[in-house]
Structures are given as structure tokens and as C-alpha cells.
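Structure record follows, encoded as C-alpha cells.
Numbering (the numbering used here), first residue to last: 3 to 107.
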């Protein structure tokens, strides 16, 4: 199972999202094939939670993947009402600034 499919499966199982978009953005970075992902999630689970609490929920679900090589997650977590008020618009990712390209191992 690919890392992207595994992420989708775990988030679907544990957060019951109405919308889940998992985009592998690793090609924009220099850390490897399955290192950077953008997540757009819409779930009732996020109701009443601050953004940091929403991110903590996602990190908790994906802790094994984060330990096994996923370097970065861009998390966009919304309630159904927030998603509708945004016009169901997926945020655009910024271009990589290349910081890791200059880091020494």
C-alpha cells in the first residue's frame, strides 16, 4: 500500500471525514518520494476544536508515518460549515523555498 493510500485510509477510518484530499507534494521538495503531503479534511470531529487541536488529532492518527519518513504535512482541517463558507476551496501550496537542499545531513 502506498504511503498516500495509507494516510487516506487511516484518516478516513479514524476521523470520518466528509471530504478528504491527500496530495503527495514530494516532487516539489528534496527529501524523498513520500516526504511531503498536503491534507484537506472536512469532518464534524473538528467542531469546537482550535486549529492546533485539529492538527494534533491528525498527528496522532499519522504518528507511525511521521516516524517512518513523512517529513511534512500541510494540514487544512475544517468543519463542514467552514468548508462551505470557504466555497469548498482547496488552499494552494506555496513553492518550496529549498531550505533542505542546502542543509547538510
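Ideal Cβ placement from N, Cα and C applies to all residues, glycine included.
Quick caveat, the model's predicted, so the values are computed rather than measured.
Beta bridge counterpart(s) of residue i as assigned by DSSP
{"i": "residue 54", "result": "According to DSSP, which records beta bridges pairwise, residue 54 is partnered with nothing at all."}
{"i": "residue 41", "result": "24, 77"}
Same chain, Cβ closer than 7 angstroms to residue i, five either side skipped, listed in chain order
{"i": "residue 45", "result": "17, 18, 19, 20"}
{"i": "residue 84", "result": "none"}
Which of helix, strand or coil DSSP assigns to residue i
{"i": "residue 5", "result": "helix"}
{"i": "residue 66", "result": "helix"}
{"i": "residue 92", "result": "coil"}
{"i": "residue 81", "result": "coil"}
{"i": "residue 24", "result": "strand"}
{"i": "residue 14", "result": "helix"}
{"i": "residue 105", "result": "Legend: pLDDT at residue 105 = 45, less than 50; position of this residue unreliable, value from coordinates given subsequently. If DSSP states are grouped into helix, strand and coil, residue 105 belongs with coil."}
{"i": "residue 72", "result": "coil"}
Exposure of residue i, with buried meaning 16 or more beta-carbon neighbours within 10 Å
{"i": "residue 79", "result": "buried"}
{"i": "residue 56", "result": "buried"}
{"i": "residue 23", "result": "exposed"}
{"i": "residue 60", "result": "buried"}
{"i": "residue 5", "result": "buried"}
Sequence-distant residues of the same chain with beta carbon closer than 8 angstroms to residue i, five excluded per side
{"i": "residue 8", "result": "67"}
{"i": "residue 1", "result": "There is simply no residue 1 to check, as the chain begins at 3 and stops at 107 in what is shown."}
Within-7 angstroms CB hit, residue i to chain B
{"i": "residue 46", "result": "Of the protein chains in the structure, only one exists, and it is not chain B."}
Cβ neighbours of residue i in the same chain (closer than 6 angstroms, five flanking residues each side left out)
{"i": "residue 77", "result": "41, 57, 60"}
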